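Protein chains in written order, with numbering that gives the first Met the number 0: chain A, 0 to 379; chain B, 0 to 379; chain C, 0 to 379; chain D, 0 to 379. In this text, a Cβ means the ideal position worked out from N, Cα and C, and glycines have one as well. As the structure is a prediction and not an experimental result, all values here were calculated from the model.
Number of protein chains: 4
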Amino acid sequence: MVGYAFMGAAHSQAWRTAPRMFDLPLAPEMSVLVGRDEHRVGAAAQRMGWATTETDWRRVVERDDVDLVDICTPGDTHADIAIAALEAGKHVLCEKPLANSVDEAERMADAARTARESGVRSMVGFTYRRVPAIALAKRLVEQGRVGQVRHVRAQYLQDWIADPEAPLSWRLDKKKAGSGALGDIGAHALDLAQFLTGDTVVEVSGNLRTFVTERPIASDHAGLAGTASSERGPVTVDDAASFLAQFAGGAMGVFEATRFAYGRKNALRIEINGSKGSLAFDFEDMNVLEFYDAAESSDTAGFRRILATEPEHPYVAAWWPPGHGLGYEHGFSHQVVDLVSAIAAGVDPTPSFDDGLQVQRVLDAVETSSASRAWQTVPA
Amino acid sequence: MVGYAFMGAAHSQAWRTAPRMFDLPLAPEMSVLVGRDEHRVGAAAQRMGWATTETDWRRVVERDDVDLVDICTPGDTHADIAIAALEAGKHVLCEKPLANSVDEAERMADAARTARESGVRSMVGFTYRRVPAIALAKRLVEQGRVGQVRHVRAQYLQDWIADPEAPLSWRLDKKKAGSGALGDIGAHALDLAQFLTGDTVVEVSGNLRTFVTERPIASDHAGLAGTASSERGPVTVDDAASFLAQFAGGAMGVFEATRFAYGRKNALRIEINGSKGSLAFDFEDMNVLEFYDAAESSDTAGFRRILATEPEHPYVAAWWPPGHGLGYEHGFSHQVVDLVSAIAAGVDPTPSFDDGLQVQRVLDAVETSSASRAWQTVPA
Amino acid sequence: MVGYAFMGAAHSQAWRTAPRMFDLPLAPEMSVLVGRDEHRVGAAAQRMGWATTETDWRRVVERDDVDLVDICTPGDTHADIAIAALEAGKHVLCEKPLANSVDEAERMADAARTARESGVRSMVGFTYRRVPAIALAKRLVEQGRVGQVRHVRAQYLQDWIADPEAPLSWRLDKKKAGSGALGDIGAHALDLAQFLTGDTVVEVSGNLRTFVTERPIASDHAGLAGTASSERGPVTVDDAASFLAQFAGGAMGVFEATRFAYGRKNALRIEINGSKGSLAFDFEDMNVLEFYDAAESSDTAGFRRILATEPEHPYVAAWWPPGHGLGYEHGFSHQVVDLVSAIAAGVDPTPSFDDGLQVQRVLDAVETSSASRAWQTVPA
Amino acid sequence: MVGYAFMGAAHSQAWRTAPRMFDLPLAPEMSVLVGRDEHRVGAAAQRMGWATTETDWRRVVERDDVDLVDICTPGDTHADIAIAALEAGKHVLCEKPLANSVDEAERMADAARTARESGVRSMVGFTYRRVPAIALAKRLVEQGRVGQVRHVRAQYLQDWIADPEAPLSWRLDKKKAGSGALGDIGAHALDLAQFLTGDTVVEVSGNLRTFVTERPIASDHAGLAGTASSERGPVTVDDAASFLAQFAGGAMGVFEATRFAYGRKNALRIEINGSKGSLAFDFEDMNVLEFYDAAESSDTAGFRRILATEPEHPYVAAWWPPGHGLGYEHGFSHQVVDLVSAIAAGVDPTPSFDDGLQVQRVLDAVETSSASRAWQTVPA
């Protein structure tokens with residue numbers, strides 16, 4: 000695994016936990032953790048349960064005892080690592096967004112397609128697909144319970160930089176992060192929308208905005224906090240993004256991603272209205288799916304608060320009894336389960352790098368549209 | 000109508016509104032308002048739309064142009080007025096609780112039974128039965144959607160005297176009010192529970208409590224506020240009441256009524272769990288009924304948030320389109336509709352004085368039980 | 000009052016009720032109801048409490064005993080009636096949308112400005128401003144509790160024509176209604192957004208859509224239902240509208256209006272995120288305002304569910320005790336209170352016809368933008 | 000660890016995870032798993048990550064390489080194992096309820112008190128105390144934000160045996176489980192109530208009930224399902240329990256525990272009303288604490304939905320960013336953290352065996368009271 004910050008911790012917990020709670024067809028070994036700082040990566044490996052460490056990801060790609068590379072670094076390094084790993088015959092799990100540009104994403108998808116021919120698998124980490132309530136929503140859509148989709152409204156609302164004095168982080172640096180709220184969290188909202196509807200966005204009108212253009216430079220980890228606060232650096236990504244969308248199948252979409260919605264901590268919300276019913280989800284109450292069945296008599300019709308914690312619900316049988324909810328990191332365990340199962344079965348896991356590329360193309364069209372002030376068609 | 004405070008205002012709004020929104024078989028005339036203070040009752044009558052006034056209810060009972068007496072006074076006067084009115088052949092609508100003692104209630108129920116033989120109708124004002132969401136709940140129970148009832152948990156939570164400096168009012172005076180939270184709001188919770196289940200409470204174990212035993216004496220309306228705050232008088236009723244209950248049909252009940260639940264303003268809540276499903280209601284979100292259907296597949300089972308604002312729902316067709324909710328006073332208009340319709344049809348409206356008496360008996364058993372620290376059987 | 004359908008009923012209830020619950024400086028008399036069908040308008044007048052009737056609104060405008068004309072007709076007649084009434088020196092209350100075109104709205108606003116010089120008042124009926132929870136939200140914004148507004152997300156979701164077999168009504172006819180979801184309900188969402196923020200939308204990107212282009216022609220009231228269902232007519236307005244917006248003050252807006260959101264009955268929702276806090280409202284739970292105060296310690300910060308039923312909340316003191324919620328029509332009573340108070344005080348009520356015109360311009364820009372597939376500036 | 004069913008799985012996940020996410024002062028080793036069936040315990044140990052197995056817990060108590068015994072068996076074996084372990088100088092973590100009888104619990108508490116003198120620690124597994132939202136509630140009570148407690152209403156509602164055809168399990172067998180809903184889940188509600196208020200229940204009036212007295216005998220794991228369904232066995236414990244309580248400090252309590260509340264899957268709910276504010280929690284939305292501060296101005300007072308996922312909230316800093324909620328098993332990890340920290344610090348962890356004994360005494364009084372139909376004092 001490359002990277003050991005927030006995503007690294009979540010992935011490690013998943014690699015440790017999935018084999019303990021699920022019947023996996025293969026037994027993953029957590030062999031090597033990669034980070035540039037030898038000291039820090041050593042401490043992280045010990046804490047997180049990795050057997051060895053490396054300071055250069057290139058050496059890992061060359062190691063024979065590595066079958067799969069899990070990429071948890073900022074987006075600017077995804078392409079190099081993923082392509083090298085795929086070319087070396089390693090399966091790849093890559094955090095989202097797939098890359099910082101469409102060009103990089105295309106090269107990655109090409110590499111994935113080539114590797115696939117030799118049985119090498121690749122997957123991009125849109126883990127929210129694997130929250131049980133979302134997987135249940137997908138099942139209901141596939142069963143036709145929602146009918147033809149007419150509306151998708153999706154929001155991903157956070158507030159962690161609503162305060163103008165919140166420091167610059169790599170996530171506010173276009174070189175590292177590619178984009179701001181749009182790529183970091185808007186990507187999730189978009190992926191969920193396309194995943195749940197089984198449809199793709201073909202045209203967008205976007206609006207991006209940076210509310211706070213300069214911020215205090217974050218001090219080094221070691222704590223030069225005193226001096227840091229006086230110096231400021233530019234924010235080079237969007238603070239917030241909104242866009243309208245047309246889906247190929249005719250549905251209308253309304254999307255919003257922001258880190259400036261005070262009080263909304265991780266509100267990834269999606270609501271779908273179709274010709275037979277509606278679905279609604281909010282990650283801040285992640286074990287719940289709301290479902291409205293238009294076939295119900297008006298006497299008793301209403302949004303049902305389905306607690307997606309029944310053994311019949313996706314992924315749940317491996318965990319606890321009904322009503323004993325899961326948390327954020329469980330989606331990562333389910334990702335490991337699905338990835339390992341696909342590798343063992345010799346099939347391609349989803350979402351693929353092609354899926355990641357398509358998300359990238361939509362986001363790119365949103366940025367273009369925001370600049371041109373006109374609707375933008377998403378290239379097929 | 001006798002009395003023109005809070006209940007008088009609500010009843011007046013209902014008498015004015017019901018004929019405008021519903022097709023009533025009779026056209027009610029608001030002829031006379033009664034109050035002891037000539038000046039005040041005159042102002043109230045003009046404001047509320049009553050044609051004339053009286054200062055002694057006895058004269059109203061004698062008037063030939065009065066067909067119905069609506070009693071909105073404190074509980075200590077209910078028996079005298081109601082019995083006199085019934086004996087004079089006037090239909091009677093009496094606010095709850097029916098009376099301040101079982102003895103009074105029995106005499107009232109006797110009078111109502113006698114009057115009924117001459118076609119004189121009587122009704123006690125448990126208006127919450129006529130909130131559309133509650134009336135819908137009743138319909139679902141009658142349709143067997145809940146099955147055999149196993150649990151009833153009902154709470155009526157308010158906070159208007161949680162502050163020990165809140166002044167004494169007649170509602171805290173046993174002579175006027177009969178009891179405190181128990182009779183004022185616990186009566187509503189109990190009536191709803193029995194109404195919805197169609198069952199009666201036969202045995203109780205109660206716990207009553209007065210948290211604040213002395214309070215500032217409320218100044219006269221004219222405003223001697225300065226001197227008032229220094230004088231204190233005793234609170235002679237319960238501040239809060241809780242009781243366990245056994246229903247004749249085997250269900251277990253848990254009841255609570257309090258004016259000390261900070262943040263709960265008018266939280267009349269009831270939840271019923273049966274062998275086929277569950278219902279839940281909270282008056283603070285009064286247009287909603289929650290319903291869980293145990294027959295649903297576990298995939299999609301969940302409490303439905305039914306917005307009881309469809310034309311198919313009880314009373315709603317006369318009002319606004321779906322989603323345009325009703326408010327507190329609409330239950331009073333529905334009470335007028337049902338009462339006037341029953342009178343026109345020559346049938347007895349519900350809840351009857353017998354129903355009111357039975358509620359009184361349960362509340363009396365709760366008080367007895369709280370004192371004796373043992374379960375108490377409710378006399379049949 | 001001209002018109003006696005849904006809006007006529009709501010306005011009548013308000014004219015009857017406001018003087019009974021509030022201290023009005025003037026005593027409104029409900030003198031004349033206007034409708035084209037003599038028989039029907041007569042029945043309506045009797046039911047709703049109007050003293051006389053007319054079949055031509057022109058005669059009312061000429062009557063000396065009429066001081067105020069309340070217009071509750073479809074949008075295509077607003078301009079003619081309002082301008083004539085204003086020119087005749089009558090105060091005018093006009094239902095929204097102000098008109099079916101910007102041109103009409105401009106002429107109405109001109110007439111209102113001229114009339115104002117002679118002390119004649121005019122007001123457009125965006126009643127949702129007068130829901131207590133909304134009026135409280137406005138107060139909090141004015142007190143600076145939200146800070147600089149960054150995001151407005153507003154939706155007005157209904158589902159009454161989600162079924163393709165729902166019949167054509169005048170609201171689906173461009174000639175009568177001007178537009179569909181956009182003008183009927185999107186106008187409310189837009190007005191609320193501008194009212195609450197105190198800011199105006201200056202640029203929009205819109206997307207309009209008609210999902211069901213033909214519908215059964217509604218039978219005549221008298222009931223030729225049998226033949227009606229076989230004939231179909233065209234839907235000439237939008238079924239749903241979405242638009243992005245830029246506010247003059249820099250806030251980003253995301254708007255949506257639809258009649259195809261199954262399960263959402265009257266979900267007028269608005270959320271505002273500012274530099275100091277956030278507000279959220281949903282009309283389906285209309286007595287509640289949610290407020291997040293960013294100044295709170297993180298230990299106890301959270302959206303507060305404010306039950307806007309305290310006497311300190313706008314309009315509430317005239318009604319019931321805390322927790323005894325209001326309903327849909329109460330906003331209309333508050334509208335009467337504010338209008339009559341303004342007339343008595345000799346000041347202009349809000350929202351003015353200029354406000355209605357500005358809303359019309361934004362909606363017009365949304366339509367233009369949807370057709371041109373490019374952002375559109377709203378004329379000042 | 001002894002036992003490897005539901006609780007064993009949860010405890011194992013905690014032992015594996017706590018050292019990975021928290022800085023523990025000691026490094027726990029998962030040395031030995033105990034179960035009677037050699038084959039099954041072997042498979043479980045491998046799955047759950049235990050190094051070795053034993054089939055007799057007595058041998059574990061004798062092993063020198065074991066420092067701590069974690070008891071996850073049904074209640075009838077708790078006393079024997081715990082007392083032996085404590086006498087052998089092993090620290091003990093024992094699942095709740097502490098024992099199946101007050102007598103056993105007293106002997107265990109005695110053993111714990113004796114062992115404590117030699118620095119041997121003991122703890123009973125009321126893990127819900129360690130849900131962050133609950134730990135935050137405790138902090139707010141200790142800070143005086145709730146004031147003097149007047150009301151506690153606590154419910155633990157499940158529905159897993161609401162169907163009369165649900166099979167007999169050891170949890171319905173008095174010999175194994177001691178009691179039914181009362182001891183299994185009512186114990187949690189009671190512990191939370193006493194923990195949060197810092198007060199103890201001194202008097203109770205109880206009502207126990209078994210709705211379904213016979214059930215199908217569960218087939219052996221190997222699957223004799225066909226024959227099993229025809230045979231029935233008696234349910235020897237309560238299906239549901241309710242009780243009123245008086246706290247030493249004067250608060251009134253209302254408790255309910257049931258497995259017959261259709262639609263409530265794991266609804267452990269507690270609401271506390273005090274002289275300064277109120278708190279409310281529902282485990283079905285476990286990352287949320289609701290708090291009402293009576294000191295707030297009435298304009299903005301309301302229950303706050305605190306998402307207890309901030310780094311400042313108890314236990315949260317070790318996990319994910321704000322809004323990324325935790326799940327059921329996290330409380331078990333926090334239990335490991337607190338237990339290991341207490342052992343390392345040489346202090347006694349809580350809840351102690353004395354706390355477990357006191358809970359047992361209250362539950363015993365509830366059972367006695369239910370039989371005698373009178374209030375019962377809880378022995379000190």
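| Item | Value |
| --- | --- |
| Taking the CB atoms as reference points, tell me whether ALA165/C and MET251/A lie closer together than 8 Å. | no |
| According to DSSP, is THR113/C helix, strand or coil? | helix |
| Using the C-alpha atoms, what's the distance from VAL65/A back to TRP49/A? | 13 Å |
| With LEU191/A and PRO313/A assumed to form a contact (beta carbons below 8 Å), what rounded beta-carbon distance in angstroms separates them? | That pair is no contact at about 15 Å. |
| Could you check whether the Cβ of GLU141/A sits closer than 8 Å to any Cβ belonging to chain B? | no |
| Taking DSSP as the reference, what is the three-state secondary structure of MET20/B? | helix |
| Here's a check: name, in chain order, each residue in its chain whose Cβ is nearer than 8 Å to the Cβ of SER368/A, leaving out the five neighbours to either side. | VAL203, SER204, GLY205, PHE242, TRP374 and GLN375 |
| Is any beta-carbon of chain D found at less than 8 Å from that of ALA260/B? | yes |
| Which term fits ASP363/C, buried or exposed, when burial requires 16 or more other beta carbons within 10 angstroms of its beta carbon? | buried |
| Any Cβ of chain A within less than 8 Å of the Cβ of PHE282/B? | no |
| Whole alpha helix (DSSP H) runs in the segment 168-256 of chain D with 4 or more residues, listed along the chain? | 173-176, 186-196 and 224-227 |
| From this set, PHE280/B, VAL287/B and ALA279/B, which residue's C-alpha is nearest PHE282/C's C-alpha? | VAL287/B |
| Quick check: what's the CA-CA separation for ALA244/A versus HIS187/A? | 15 Å |
| Taking a contact to mean a Cβ-Cβ separation below 8 Å, would you say THR126/A touches GLN357/A in this structure? | no |
| Leaving aside the five residues before and after VAL339/B along the sequence, list all residues of the same chain whose C-beta is less than 8 Å from its C-beta, in chain order. | ALA17, LEU23, PRO24, LEU25 and PRO27 |
| At a Cβ threshold of 8 Å, is ASP363/B touching chain A? | no |
| Based on DSSP bridge pairs, tell me the residues matched to MET0/C. | Beta-bridge pairing links MET0/C to no other residue. |
| Note down, in chain order, each residue of its chain lying with its Cβ closer than 6 Å to the Cβ of ARG15/A, except the 5 sequence neighbours on either side. | GLY48 |
| Along the segment 276-304 of chain D, what residues have a CB closer than 9 Å to any CB found in chain C? | VAL287, LEU288, GLU289, PHE290, TYR291, ASP292, GLU295, SER296, SER297, ASP298, THR299, ALA300, GLY301, PHE302, ARG303 and ARG304 |
| Step through the CB atoms of chain C and report whether any lies within less than 8 Å of the CB of SER11/A. | no |
| Can you tell me whether TRP169/D is buried or exposed, with buried defined as 16 or more other CB within 10 angstroms of its CB? | exposed |
| Mind listing the chain A neighbours of LYS327/D? Cutoff is C-beta to C-beta under 7 Å, in chain order. | The question names Lys, but residue 327/D is Tyr in the sequence shown. Simply TRP319, HIS323 and GLY324. |
| For the segment 37-51 of chain B, enumerate the residues whose C-beta is nearer than 9 Å to any C-beta of chain C, in chain order. | ARG46, MET47 and GLY48 |
| Assuming ASP158/C and ARG258/C form a contact by the criterion Cβ under 8 Å, report the distance between their Cβ atoms to the nearest whole angstrom. | 7 Å |
| By DSSP, does THR376/C sit in helix, in strand, or in coil? | strand |
| Could you spell out where the alpha helix (DSSP H) holding ASP363/C opens and where it closes? | 352-371 |
| So who's on the other strand from MET122/B, going by DSSP bridges? | LEU92/B |
| State the start and end residues of the unbroken alpha helix (DSSP H) segment that holds LEU338/C. | 329-344 |
| Drop a sphere of 10 angstroms on the beta-carbon of ARG129/D, count the other beta-carbons inside from all chains shown, and report buried for 16 or more, exposed for fewer. | buried |
| Judging by CA-CA distance, which residue of ASP36/C, ARG360/C and PHE194/C is the nearest neighbour of VAL377/C? | ARG360/C |
| What number of angstroms, rounded off, separates the C-alpha of ALA266/B from the C-alpha of ILE80/B? | 31 Å |
| Can you give the Cα-Cα distance for ALA110/C and GLU116/C, rounded to whole angstroms? | 10 Å |
| Quick one: which chain B residues come within Cβ less than 9 Å of GLU385/A? | Given a span of 0 to 379 for chain A in the structure shown, any question on residue 385/A remains unanswerable. |
| Determine, using beta-carbon pairs with one atom in the segment 3-13 of chain C and one in the segment 35-48 of chain C, whether at least three such pairs fall under 8 Å. | yes |
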